Amino acid sequence: MPSFPPGFHALVIGSSGSIGSAFLQLLGLNPHCANAVGIHRHSQPAINFDNEDSIRQAAASLSKQAPFHLIINATGILHTTDFTPEKKLSSLNYSQMEKTFRINAFGPALIINYFSKLLHPTKGVMVMLSAKVGSIEDNRLGGWYSYRASKAALNIFLKTAAIELQRIQPNTIVVALHPGTVNSNLSKPFRGEQIGRAPLEAVRDMWQVIEGLQPPDTGKFYSYDGQVLPW
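Per my numbering, residue 917 is the first one in the sequence shown, and the count goes up by one each step.
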């Protein structure tokens, strides 16, 4: 049974990226979605994880359009023009670790804090894009230190928040979702164009998981194919 009622409202954070923009496109094609809003660094309101106050201000601004039945955070960082994922311990440095954690863990944690208040009280779903490489139990190859660790940090922020929210917002569902390899700017240096799925195909897969979520699923870590991943 579909998870969302006719006329549901959705918000995509990080909507300028490949996956975020594809989610907006998919929601725009959904006849049951009355409104899909996207925000990013250059939107109005803008949201920038390098500016903590922008997260609070964006939530305050969007409260006028709340409640949302669905909020998706599609932000993330793996590499920049200044760094690539560390393959060995000797590559670790504060600058890269701090930047990666700010975008992949600290900003999303504040998203959960400020934006969970905007979820619909009878059925509100918050999806945080994570990554399978953030699974500690599944880590068999090593490498990618900051990215793995930041996604693991995101997962524990989410799991802990889900427990708290379950007490005060029992109809709220908060999950981590692994998109798989997608042909995007994030994966491009790592053969994403060759091995990744098209963004719209990837979000269609994820939508099948999102649409079926129910309150008992809160606090779980899903793959795009519906598999529950180990922490």
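Yeah, the Cβ is synthetic: ideal placement off N, Cα and C, and Gly gets one too. Treat the numbers as computed from the prediction; the structure is a model and nothing was measured.
Exercise for review: Would you mind sorting H958 into buried or exposed? The rule is 16 or more other CB atoms within 10 Å of its CB.
Suggested key: Exposed, because fewer than 16 other Cβ atoms sit within 10 Å of the Cβ of H958.
**Study point:** For M936, the first and last residue of its enclosing alpha helix (DSSP H)
**Key:** Correcting the residue identity first, residue 936 is Gly in this sequence and not Met. Going by DSSP, G936 is part of the alpha helix (DSSP H) stretching over 934 to 945.
**Study point:** A982 and L1034 closer than 9 angstroms at C-beta
**Key:** Yes, the Cβ-Cβ distance between A982 and L1034 is below 9 angstroms.
Exercise for review: Check whether the segment 1064 to 1081 touches the segment 1045 to 1053, counting contact only when three or more Cβ pairs, one atom from each stretch, lie closer than 8 angstroms.
Suggested key: Touching, per the Cβ criterion.
Review point. With a CB to CB cut of under 6 angstroms and the five nearest residues on each side skipped, what residues in its chain are close to D1121?
Key: Taking D1121 as the centre and dropping the five residues before and after it, the same chain places the C-beta of Y1140 closer than 6 angstroms to its C-beta, in chain order.
Exercise for review: Would you check if the distance between the CB atom of L1093 and the CB atom of V1144 is smaller than 9 angstroms?
Suggested key: Going by C-beta atoms, L1093 is not nearer than 9 angstroms to V1144.
Review point. How is R1083 classed by DSSP in three states: helix, strand or coil?
Key: In the structure shown, R1083 adopts helical secondary structure according to DSSP, grouped into three states.
Exercise for review: With DSSP as the reference, label G1023 as helix, strand or coil.
Suggested key: Three-state result, G1023: helix.
Check your understanding: If we ignore side chains and look at the alpha-carbon of each, how far apart do H995 and G1059 end up?
Key -> One C-alpha to the other measures close to 14 angstroms.
Review point. Can you give the Cα-Cα distance for S932 and A952, rounded to whole angstroms?
Key: S932 and A952: Cα-Cα distance of roughly 14 angstroms.
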